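Note that full-length UniProt numbering gives residue 86 to position 86 of the sequence shown, counting from 1, and the numbers run on in steps of one.
Step one of this worksheet: look at the structure below.
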Amino acid sequence: EMTVERAVSLLGSHDEDALLSAAAHLQAQCCRSADAKKAVYFLRGVEKLLPLLRSHSESVQSLAAGALRNLVYQSDQNKMEVEAKGGLGAILQALNSSRDVETRRELTGLLWNLSSHDLLKERLSAEAPSVLTRSVLVPTSGLSEGENPKDELLADGVAFHHATGCLWNLSSAGPGSRKAMRECEDLIDSLVYYIRGTIADYKTDDKSTENCVCILHNLSYQLEEQLPRGSVRVLRESRHSLAPRPSAVGCFARRSAKITERREECCPLLEEKSNPQGPEWLWSTITVRMYLSLLARSTRQGTQAAALGALQNITAGNGALSRAIAFTVVQRENGLQHVRKMLEEGGSDVRRTA
């Protein structure tokens, strides 16, 4: 009869069938029982499972990743054990090299579970964003569609959901993590590309869309004060060319009131870029329109609240960038009608943000 103790002892076997049976048993038991997770910890099962992520057998890799994924779920003890045994690098290396759908789903799910621990967020932020972006976000979002047909075979909605869940956690870790993620090549581009795709396909209630918007919401926090000087160009335009303003409500009321009080001043305008790249998406007028489209079309409260929160973040500062974005939202995109709708129809979290 297979037990947790016997399964852990078999993890050092050279027999593939024995490894498969042992890893499958641990995966199942750790899913059902907190006691099984404790037993695996005390039997030093983590350090025996991690080397299996380098196995030449995709089946062994997948089951080992699945066992680790269940083992660390709601177990801070096992999360820290994975980190202590050098597991973060091993997991990322396995994800970077694996092309098996099920293995990649287990590995991204494992990273998502690990990223919920505050002490691991900063450590994961150093390497995980680039690996997740390159191996999961870019292929699934369609950002590089047609450029590398082999990468398109890696597209998978489940792995994308897990990866964006992990990145959402990492984006809440602090200024260092946000900076690393903003600078990660193709990360923000992939998120925006995916969201715009779901808007075009009328699938804005997709769970991964919510994850993507929540990441952008966090990455836009304190954006203006954390940007390098000269990274944004703000233009000016005379107010005489503008249409009358609607009355202000919601989170842009203070900003739009200032605009009204200073009628004779020049309006700050963002320099329009038809093809923003990287962090430029965070303050692009294209992204502003994207958030407003989500407010108009999505019924998911988490997506609505994140879109509103992102708009609030990028209009909250006192600098030229925040003023220019607020002007774009209020005057050029008539965004207050969407905020008003959220105040009237949104859930409690959405109304609080609005």
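Ideal Cβ placement from N, Cα and C applies to all residues, glycine included.
Keep in mind the model is a prediction, meaning the values are calculated, not measured.
With distances taken between CB atoms, is the gap from residue i to residue j smaller than 8 angstroms?
i	j	result
Lys38	Leu11	no
Ile188	Gly278	yes
Asp153	Val131	Going by the sequence as given, residue 153 is Leu instead of Asp. Their beta carbons are not under 8 angstroms apart, which means Leu153 does not touch Val131 by this criterion.
Ala23	Ala67	yes
Ser62	Thr103	yes
Ala305	Leu294	no
Trp283	Ile325	yes
Ser208	Gly157	yes
Tyr193	Leu120	no
Ser298	Thr164	no
Gly176	Glu106	no
Ser59	Leu88	no
His162	Gly109	yes
For residue i, count neighbouring C-beta atoms within 10 Å of its own C-beta (all shown protein chains included) and say buried if the count is 16 or more, exposed if not.
i	result
residue 358	With the chain represented from 1 up to 354, any question about residue 358 goes unanswered, as that position is not in the structure.
Glu225	exposed
Trp168	buried
Arg323	buried
Asp206	buried
Ala64	buried
Pro129	buried
Phe160	buried
Ala354	Only weak support exists for where Ala354 lies, its pLDDT of 48 falling under 50; the value from the coordinates is given anyway. Its Cβ being crowded by 16 or more others within 10 Å, Ala354 is buried.
Asn78	buried
Ser220	buried
Asn29	With the sequence shown as reference, residue 29 is identified as Gln, and Asn is not the correct amino acid for it. Burial call: buried.
Gln74	exposed
Gln312	buried
Ala7	buried
His14	exposed
Gln222	exposed
What first and last residue would you give for the alpha helix (DSSP H) that runs through residue i?
i	result
Ala84	76 to 84
Val192	187 to 200
Val288	285 to 297
Cys30	16 to 32
Asp118	118 to 125
Lys48	46 to 49
Thr303	301 to 315
Thr3	First-last for Thr3: undefined, no H or E at that position.
His162	157 to 170
Asp151	149 to 152
Lys179	175 to 183
Glu272	Run containing Glu272: none; DSSP gives neither H nor E here.
Please decide whether residue i counts as near chain B, where near means a Cβ-Cβ distance under 8 angstroms.
i	result
Leu19	Judged by its chain identifiers, the structure shown contains no chain B, having just a single protein chain.
Under 7 angstroms from any heavy atom of the ligand ADP, does the C-beta of residue i make it?
i	result
Pro276	No copy of the ligand ADP occurs in the structure displayed, which carries no ligand at all.
| said: Quick check: the segment 149 to 156 against the segment 196 to 208, are at least 3 beta-carbon pairs closer than 8 angstroms? | reply: Contact between the segment 196 to 208 and the segment 149 to 156 is absent: fewer than 3 CB-CB pairs across the two stretches fall below 8 angstroms.
| task | For the segment 134 to 141 and the segment 75 to 87, state whether three or more C-beta atom pairs, one from each stretch, are separated by less than 8 angstroms. | result | no
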